[in-house]
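Asks: Our numbering puts the sequence shown at residues 108 to 368.
Built from N, CA and C at the ideal position, the CB exists for glycine as well.
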Amino acid sequence: MIIAQIADTHLVAADAADQVSRARAEDLRACIADINGLAPRPDAVIHTGDVTQHGQAAEFTHARSLLAALEMPLYVTPGNRDGRAGVMRAFASDGYMLPDCAFVHYAVEAHPVRLVAVDSLADDGGAKGDLCHARLAALDATLAEAPARPTALFMHHPPFDVPAAPDPFAYQRRRAADDLAAVVSQHPQVVRIFTGHMHRPWTATVGGVAASTVPSVAIDRRYGHYAATMAGRPVYHVHRFEGDWGFASETRLVGSGADPL
Ligand SMILES: [Fe+2]
108 MIIAQIADTH LVAADAADQV SRARAEDLRA CIADINGLAP RPDAVIHTGD
158 VTQHGQAAEF THARSLLAAL EMPLYVTPGN RDGRAGVMRA FASDGYMLPD
208 CAFVHYAVEA HPVRLVAVDS LADDGGAKGD LCHARLAALD ATLAEAPARP
258 TALFMHHPPF DVPAAPDPFA YQRRRAADDL AAVVSQHPQV VRIFTGHMHR
308 PWTATVGGVA ASTVPSVAID RRYGHYAATM AGRPVYHVHR FEGDWGFASE
358 TRLVGSGADP L
């Protein structure tokens, strides 16, 4: 199974006169064209949050119109910029989210790797994440449903330190990440954790499981150090599952041509 991961598109409303609007839309368009052109083609795309800049309806409308060009299923988890309700309104019609759930928590069963979305938003709407008992219990129960199926979690806030970032830890409470790691460690079928939020690449281990962040699709919000040849070219991740040893991940520079995966 191949998963393309995009994150932190930070889209604003469509406005041809606004340079930021045009640039961020073009960053996403370029990623989508690259994803659609990969061979072999990804089975699914995950967006690990901050679809929008301000969580406004017009921004989600813009996002939906752009993301409609993807030629494979898309699964979204909310970022702090989006808000929970905004993501539910914008993407519930795609049918993969649980109706009447207080959080954006769901499992996707349609692929060889089970995908489980974790809602890492804090209830106060702040930039940092949090995980309450209800969400951790829901995650534990969801994972207990399919102990034999390889499973990947995806969420916005990375539950590990990113020392290169000005603020290395993305959660309000250290305990939230510790509790998540404890749940993960109880379910050995969890093979990978995909996150966003940091706008830069990083890898770590959470509860014994490999975890990673991805650079922001929005080039003007991308952090870290990149080669001059990458200026103006968005980046996303391609994760390829090999049953014997988990996921191998590639940082994909848009416009690199038809390199074999
Ligand atoms: Fe972001």
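Residue range of the alpha helix (DSSP H) that residue 193 falls in?
Replies: Here residue 193 refers to the residue found at position 86 of the sequence shown. First-last of the alpha helix (DSSP H) with residue 193: 191 to 198.
Asks: What is the rounded straight-line gap between the Cα of residue 229 and the Cα of residue 190?
Replies: As a first step, residue 229 must be located in the sequence shown, where it is residue number 122. As a first step, residue 190 must be located in the sequence shown, where it is residue number 83. The alpha-carbon atoms of residue 229 and residue 190 are separated by roughly 9 angstroms.
Asks: Quick check for students: name the residue ranges of the alpha helix (DSSP H) that lie wholly in the stretch 196 to 276, counting only runs of 4 or more.
Replies: 240 to 251, all fully within the stretch 196 to 276.
Asks: Going by DSSP, what residue range makes up the alpha helix (DSSP H) through residue 135?
Replies: Within the sequence shown, numbered from 1, the residue matching residue 135 stands at position 28. Start and end: 126 to 144.
Asks: Residue range of the beta strand (DSSP E) that residue 151 falls in?
Replies: For this step, residue 151 is matched to residue 44 along the sequence shown. Residue 151 -> beta strand (DSSP E) spans 151 to 154.
Asks: With a threshold of 16 other CB atoms inside 10 Å of the CB of residue 367, please say whether the residue is buried or exposed.
Replies: Locating residue 367 in the sequence shown gives position 260, counting from the first residue. Legend: pLDDT at residue 367 = 49, less than 50; position of this residue unreliable, value from coordinates given subsequently. Exposed: under 16 other Cβ atoms inside 10 Å.
Asks: Out of curiosity, what's the CA-to-CA distance linking residue 249 and residue 188?
Replies: Taking the sequence shown and counting its residues from 1, the one referred to as residue 249 is at position 142. Taking the sequence shown and counting its residues from 1, the one referred to as residue 188 is at position 81. Roughly 26 angstroms separates the two Cα atoms.
Asks: For the alpha helix (DSSP H) that contains residue 340, what are its first and last residues?
Replies: For the purposes of this step, residue 340 is identified with residue 233 of the sequence shown, where counting begins at 1. Neither: residue 340 is in no alpha helix (DSSP H) and is coded neither H nor E.
Asks: Which residues in the same chain have their Cβ closer than 8 angstroms to the Cβ of residue 305, if we skip the five residues on either side of it in sequence?
Replies: Translated into the one-based positions of the sequence shown, residue 305 becomes position 198. Closer than 8 angstroms at Cβ, skipping near neighbours: 265, 269, 272, 277, 320 and 330.
Asks: To the nearest angstrom, how far is the alpha carbon of residue 186 from that of residue 231?
Replies: Residue numbering aside, residue 186 sits at position 79 when the sequence shown is read from its first letter. Residue numbering aside, residue 231 sits at position 124 when the sequence shown is read from its first letter. Those two C-alpha atoms are separated by around 13 angstroms.
Asks: Comparing alpha-carbon positions, which option in 199, 151 and 117 lies nearest residue 169?
Replies: Taking the sequence shown and counting its residues from 1, the one referred to as residue 169 is at position 62. Considering only alpha carbons, the answer is 117.
Asks: Measuring only the C-alpha atoms, how far is residue 120 from residue 351?
Replies: One-based indexing of the sequence shown puts residue 120 at position 13. One-based indexing of the sequence shown puts residue 351 at position 244. Between residue 120 and residue 351, the C-alpha separation is close to 44 angstroms.
Asks: Could you give the first and the last residue of the continuous beta strand (DSSP E) run that contains residue 357?
Replies: Taking the first residue of the sequence shown as 1, we reach residue 357 at position 250. Its beta strand (DSSP E) spans residues 353 to 360.
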